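> Going line by line, the protein sequences match chains A and B.
Here the first sequence is numbered in this note's numbering, starting from 1 and rising by one per residue.
Here the second sequence is numbered in this note's numbering, starting from 1001 and rising by one per residue.
Each residue gets a CB set at the ideal place from its N, CA and C atoms; glycine is no exception.
As the structure is a computational prediction, the values presented were derived from the model and not from experiment.
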Amino acid sequence: MTADPDIQSKSWWARNQMRAAPWLFLAPGIAFFAVYVIFPIFQSFQISLYRWDGLGEARYIGVANYEQLFDDPAFYTSLMNNVKWLVLYLLAIPGGLFIALFLNQQVRGIRLYKSLFFFPFVISQVVVGLVFAWFYNPSIGLLNPMLDLVGLGPMNVLGNPNTVTYGIIAAGLWPQIAYCMILYLTGLNAVDPEQVEAARLDGAKGWKMLWYVILPQLRPATFIAVVVTVIGALRSFDMISVMTNGGPFGSSRVLAYYMFEVSLSEYGFRMGYGAAIAVVLFLIMLVYIAFFLWRMWREEREG
Amino acid sequence: MQSIFKGMAAGLAMTTLLAGAASAELTGDLRIFFNDQNPAPKAAMEGMVERFQQMHPDLNIELTLIDREANKTQIRNYLTANAPDVNGWYAGNRMRPYVEAGLFEDVSDLWAGPMGEELASTRPALTLDGKQWGVPYSYYQWGIYYRQDIYDELGLTPATTWDEEKANCQAILDSGRKCYTIGTRFLWTAGGWFDYLNLRTHGYDFHMALTAGEIPWTDDRVRQTFANWRELLDMGAFIDDHTAYSWQEAQPFMVNGEAVAYLMGNFVVAPMREAGLTDEQLGFYQFPEITPGIPKAEDAPTDIFTIPAQAQNKDNARAFLQYVASAENQTIVNDTLGQLPINRNATVADDKFIQAGFEMLSNATGGIAQFFDRDTDAEMASAAMQGFQEFMVLPDNLDGILDRLEQLRQRMNAE
Chain A
1 MTADPDIQSK SWWARNQMRA APWLFLAPGI AFFAVYVIFP IFQSFQISLY RWDGLGEARY
61 IGVANYEQLF DDPAFYTSLM NNVKWLVLYL LAIPGGLFIA LFLNQQVRGI RLYKSLFFFP
121 FVISQVVVGL VFAWFYNPSI GLLNPMLDLV GLGPMNVLGN PNTVTYGIIA AGLWPQIAYC
181 MILYLTGLNA VDPEQVEAAR LDGAKGWKML WYVILPQLRP ATFIAVVVTV IGALRSFDMI
241 SVMTNGGPFG SSRVLAYYMF EVSLSEYGFR MGYGAAIAVV LFLIMLVYIA FFLWRMWREE
301 REG
Chain B
1001 MQSIFKGMAA GLAMTTLLAG AASAELTGDL RIFFNDQNPA PKAAMEGMVE RFQQMHPDLN
1061 IELTLIDREA NKTQIRNYLT ANAPDVNGWY AGNRMRPYVE AGLFEDVSDL WAGPMGEELA
1121 STRPALTLDG KQWGVPYSYY QWGIYYRQDI YDELGLTPAT TWDEEKANCQ AILDSGRKCY
1181 TIGTRFLWTA GGWFDYLNLR THGYDFHMAL TAGEIPWTDD RVRQTFANWR ELLDMGAFID
1241 DHTAYSWQEA QPFMVNGEAV AYLMGNFVVA PMREAGLTDE QLGFYQFPEI TPGIPKAEDA
1301 PTDIFTIPAQ AQNKDNARAF LQYVASAENQ TIVNDTLGQL PINRNATVAD DKFIQAGFEM
1361 LSNATGGIAQ FFDRDTDAEM ASAAMQGFQE FMVLPDNLDG ILDRLEQLRQ RMNAE
């Protein structure tokens, strides 16, 4: 009689141990993810309906922030720049692939060359931004003397609204190409030499070999390269902040930077408007995230 | 230096006596957040605290120095949670968000006494809604710093009228140099040019009404100001590629003699001297007259101390602010800072540029403006200064810029 409740409690744990254990282990992660990621998403949705300077009372204004946003030329400039980043940043993938193919050979000291090519990825983005800002600097930078050698006029890359975004993307590509290169180098190690051998016997070489034999085997590496590059393009905030502060006159802003400028910079503190930009950015990214999840799910099912 | 120190000690002894007679020594805590870590302001602030400590040996003073830029965002946190007893800030509209949110203590009681008389020149800048919210300790002039040696070489004298200014500039351009250096990467330098062009074209009252959002940006008078600016732009008066430079990065052009003048605050003097310019090479003149007969107004940003509404030791904080305002403290502090004291009984340091600034500001009959981004609401300041930068690069965009600013003004007024 007295042992009964003891047995029962023991048996509950024994019965559910297998099911409960993963959740117990996941609990801290889930809790933090919920508090610091999921909850703020909904909070942003809520704040975007208010006018709030972060200090006083928040005032409910409905969708006025969104109406203003869709009327805001700065928003479209930022959106356009986001698209430029997404498209041009993907150049890092072929760039990384060709450097990887070039370095994938057995030569004396190849490890040193590989490390040198990988080096820019090790440097902090902020340092890359600073180095490129000096490189582009029209009075002390190296770029203009170099252009002069090939007979081209001086350029003010970061001070010209037409070139500034491309200038920053070029700086961002430098470490990103190194990242893609290392992904492909690892991928190339896994390429089956027998298939290459067989293809060679069948007379495949050069581009055909690359396109029909090597690349299909590099698909996992390509997938990861696309994912990290798109993420890299979307979080391009740090370089812009370091190199131009979004200028000149706002022409190098992306949505993330515009959100920061509106809500957290020296002249900002329009939390509602910033949150509205965040929501739009979130919805855009959601398309990409949904595609990514769908592909993962499909591959899991096929696998 | 020795004599200054002795004088300081004597002055200190006297204040101690006076303070001792007037009020009992303070006890308890005093936490001060100061918003500058640069060498001169740090030395000035530490000296101020040290002297106040000697007056009140039993007071436990804790001084925290915060980076100038970081403070601009951190102030929002520390005013709402764990507030200090005194914090450093800026006069003018920059106080408004905190005054409106009830985060600054009303210190009109301090201004009601003799202190108010001594600091009278800055009373308007410290007043919002008819009350005073802080106590100033220093300010500095803006104006045109120029290469005297190059002017001499070209046989020029500093301009007093707009036509002379343009004629001088043409002579400078003909000699293969640029008239003005500027770095607009962080925008506010262009705000300085707008301030002066607008103040000289239409005067103080118009400028203040415009920065307060009472006048449309598309007003013809505003266009007139930009038209004057455009005269310089069309001449090619400013250095090329200024959008790429910060105000510091624009200095070498003047030091190397590629550009001849710099519209800037007095803080530019120290780095110019460090870069090797002597007082014979570097000169200062007041921004010239544009519309004849308009009383000249000047930009003179004022740095202040405020008491957070949530401060724990407000009596100690008030006593400290009273000491900050005193003539002898302002003399010592501004001698260290290389800036101007506000207390009219304070002594101005024996420095060419500080003396010139003192002379100019004492005769600023038009009025004293704070600076574009301190007189204007933050959102408008940001948009307008971006517009100024755009105008300096693409002057033909003026209509679009002004329409944009006007839309913003109307929306802000409607809110």
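Quick check: the Cα distance between B/D1403 and B/R1409, rounded to an integer number of angstroms?
Using only the alpha carbons, I get a separation of about 10 angstroms.
> Straight-line CA distance for A/R295 to A/R219?
Approximately 13 angstroms between the Cα atoms of the pair.
> Determine, using beta-carbon pairs with one atom in the segment 1232-1245 of chain B and one in the segment 1391-1399 of chain B, whether at least three such pairs fall under 8 angstroms.
Touching, yes.
> So what's B/D1303 in DSSP terms, helix, strand or just coil?
In this structure, B/D1303 counts as strand in the three-state DSSP scheme.
> Strictly under 8 angstroms for the Cβ-Cβ distance: is B/T1189 near chain A by that measure?
Chain A contact via Cβ: absent.
> Please state whether the Cβ-Cβ distance between B/F1104 and B/I1066 is less than 8 angstroms.
Contact flag unset, no.
> Do the segment 251-259 of chain A and the segment 187-202 of chain A touch if we need at least three Cβ pairs shorter than 8 angstroms?
The segment 251-259 of chain A vs the segment 187-202 of chain A: no contact.
> Counting only C-beta atoms, is B/P1395 closer than 8 angstroms to chain A at any point?
Taking Cβ atoms only, chain A never reaches closer than 8 angstroms to B/P1395, which makes this a no.
> So the candidates are B/R1076, B/L1110 and B/A1237; which of them puts its Cα closest to the Cα of B/E1100?
Nearest of B/R1076, B/L1110 and B/A1237 to B/E1100, Cα basis: B/R1076.
> Measure the Cβ-Cβ separation of B/V1333 and B/A1044 and say whether it is below 8 angstroms.
Their beta carbons are under 8 angstroms apart, which means B/V1333 touches B/A1044 by this criterion.
> Taking the Cβ atom as the reference point for each residue, do A/V242 and A/L130 lie within a distance shorter than 8 angstroms?
Going by C-beta atoms, A/V242 is nearer than 8 angstroms to A/L130.
> Which whole-angstrom value describes the C-beta separation of B/Y1145 and B/A1261, a residue pair presumed to lie in contact below a C-beta threshold of 8 angstroms?
So it is a contact: roughly 7 angstroms between Cβ atoms.
> Per the contact definition of three or more C-beta pairs closer than 8 angstroms, is the segment 1078-1097 of chain B in contact with the segment 1025-1034 of chain B?
These segments touch.
> Going by C-alpha distance, which of B/L1119, B/Q1074 and B/D1399 is nearest B/Y1137?
That would be B/L1119, whose Cα lies nearest to the Cα of B/Y1137.
> Measuring only the C-alpha atoms, how far is B/H956 from A/I240?
As displayed, chain B neither begins before 1001 nor continues past 1415, which places residue 956 of chain B out of reach and without an answer.
> How about A/L188 and A/A100: do their beta carbons lie closer than 8 angstroms?
Yes, these two residues count as a Cβ contact at 8 angstroms.
> Assuming contact is defined by CB atoms lying nearer than 8 angstroms, are B/G1191 and B/F1372 in contact in what I supplied?
In contact: B/G1191 and B/F1372 (Cβ atoms closer than 8 angstroms).
> For B/R1096, which option in B/D1109, B/L1063, B/W1133 and B/D1351 has the closest C-alpha, if you only look at C-alpha atoms?
Nearest option by C-alpha distance: B/W1133.
> Check whether chain B comes within 8 angstroms of A/G247, counting only Cβ atoms and requiring the distance to be less than that.
A/G247 counts as touching chain B.
> Would you please state the rounded distance, in angstroms, between the beta carbons of B/D1335 and B/N1093? I believe it to be under 8 angstroms.
About 29 angstroms separates the two Cβ atoms, so there is no contact after all.
> Can we count B/S1382 as close to the ligand FAD, meaning its CB is less than 7 angstroms from some heavy atom?
Questions concerning the ligand FAD fall outside what the structure shown contains, since it holds no ligand whatsoever.
> Starting from A/D72, trace the alpha helix (DSSP H) in both directions and tell me its first and last residue.
Careful: A/D72 lies outside any alpha helix (DSSP H) and carries neither H nor E.
> Suppose you measure from the CA of B/P1288 to the CA of B/R1200; what does that come to, to the nearest Å?
Distance between the alpha carbons of B/P1288 and B/R1200 is about 8 angstroms.
> With DSSP as the reference, identify every bridge partner of B/G1028, one or two as the case may be.
Answer is B/L1059.
> Measuring alpha carbon to alpha carbon, tell me which residue in B/G1047, B/T1064 and B/A1081 is nearest A/L55.
The residue with the shortest Cα to Cα distance from A/L55 is B/A1081.
> Checking the sheet assignment: what are the DSSP bridge partners for B/L1282?
Paired residue(s): B/R1147.
> If you compare alpha carbons, which of A/G151, A/A204, A/G95 and A/Q105 is closest to A/C180?
That would be A/G95, whose Cα lies nearest to the Cα of A/C180.
> Could you pull out every residue in the same chain whose Cβ sits closer than 6 angstroms to the Cβ of B/A1349, ignoring the five residues on either side in sequence?
Closer than 6 angstroms at the Cβ level, and outside the excluded window around B/A1349, lie D1335.
> Expressed to the nearest angstrom, what Euclidean distance is found between the alpha-carbon atoms of A/L293 and A/V122?
Approximately 29 angstroms, taken between the alpha carbons.
> For the candidate residues B/E1249, B/A1070 and B/Q1330, whose alpha-carbon lies nearest to that of B/A1275?
The candidate whose alpha carbon is nearest that of B/A1275 is B/E1249.
> Round the Cβ separation of B/L1321 and B/V1135 to the nearest angstrom and send it over; I've been treating them as touching at under 8 angstroms.
Right, their Cβ atoms sit about 4 angstroms apart.
> Between which residues of its own chain and A/A66 is the CB-CB distance below 6 angstroms, once the five residues before and five after are set aside?
A quick correction: the sequence has Tyr, not Ala, at residue 66 of chain A. Hits under 6 angstroms: A276.
> Taking the beta strand (DSSP E) that B/M1264 falls in, what are its first and last residues?
Note, B/M1264: beta strand (DSSP E), A1259 to G1265.
> Please tell me whether B/S1382 has its Cβ less than 8 angstroms away from any Cβ of chain A.
B/S1382 counts as touching chain A.
> Going along chain B, which residues have a C-beta under 8 angstroms from A/L218?
Simply none; closest approach about 41 angstroms.
> Tell me whether B/W1089 sits in a helix, a strand or coil according to DSSP, three-state version.
If DSSP states are grouped into helix, strand and coil, B/W1089 belongs with the strands.
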